[in-house]
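*Asks:* Provided herewith is a single structure, encoded as structure tokens, for subsequent inquiry.
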Amino acid sequence: MLLYDDAMPKSLQEPRKRVRLRTALLEVAFIIFLFYANLLMGEFTGINGRGKTLALALEDIFTPATFAIALASACVGFAGFQLLRRKL
56 MLLYDDAMPK SLQEPRKRVR LRTALLEVAF IIFLFYANLL MGEFTGINGR
106 GKTLALALED IFTPATFAIA LASACVGFAG FQLLRRKL
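Quick note, in our numbering, the sequence shown goes up one by one and the last residue is 143.
What follows is the structure, encoded as structure tokens:
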């Protein structure tokens, strides 16, 4: 088993890089999904009032500002999980 990518032939490095990229994108997307799910649940608490429709709640949470926050927090979360994976 090879331990370093440098010792591996170029033909085997490319698929491995694609898998890593795909895994990273999937993990970041999942963190963003959890972020928006949490915001959506928060829209239907008693504090936000009764009678709120799903369409109004989605309109409230899907803004460029919340997407920027979600993306930034997902990247920080991904980096944190990568750090934990390497240490454990």
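For each residue, glycine too, the CB sits at the ideal point set by N, CA and C.
Closer than 7 Å by C-beta to ALA124: which residues in its own chain qualify, once you throw out the five before and the five after it? Chain order, please.
*Replies:* Looking at the sequence itself, residue 124 is Ile, so the reference to Ala does not match. Taken in chain order, the list of residues that qualify is empty.
*Asks:* Which complete beta strand (DSSP E) runs does the segment 82-117 hold, if anything under 3 residues is left out?
*Replies:* Counting only runs of 3 or more, we get nothing.
*Asks:* In this structure, does DSSP put LEU76 in helix, strand or coil?
*Replies:* LEU76 falls in the helix class under three-state DSSP.
*Asks:* Are the segment 126-137 and the segment 86-98 touching by the rule of at least three beta carbon pairs closer than 8 Å?
*Replies:* Touching, yes, given that three or more Cβ pairs across the two stretches are closer than 8 Å.
*Asks:* Does the distance from the CB of ALA112 to the CB of GLU98 come in under 7 Å?
*Replies:* Cβ distance < 7 Å, so ALA112 and GLU98 count as in contact.
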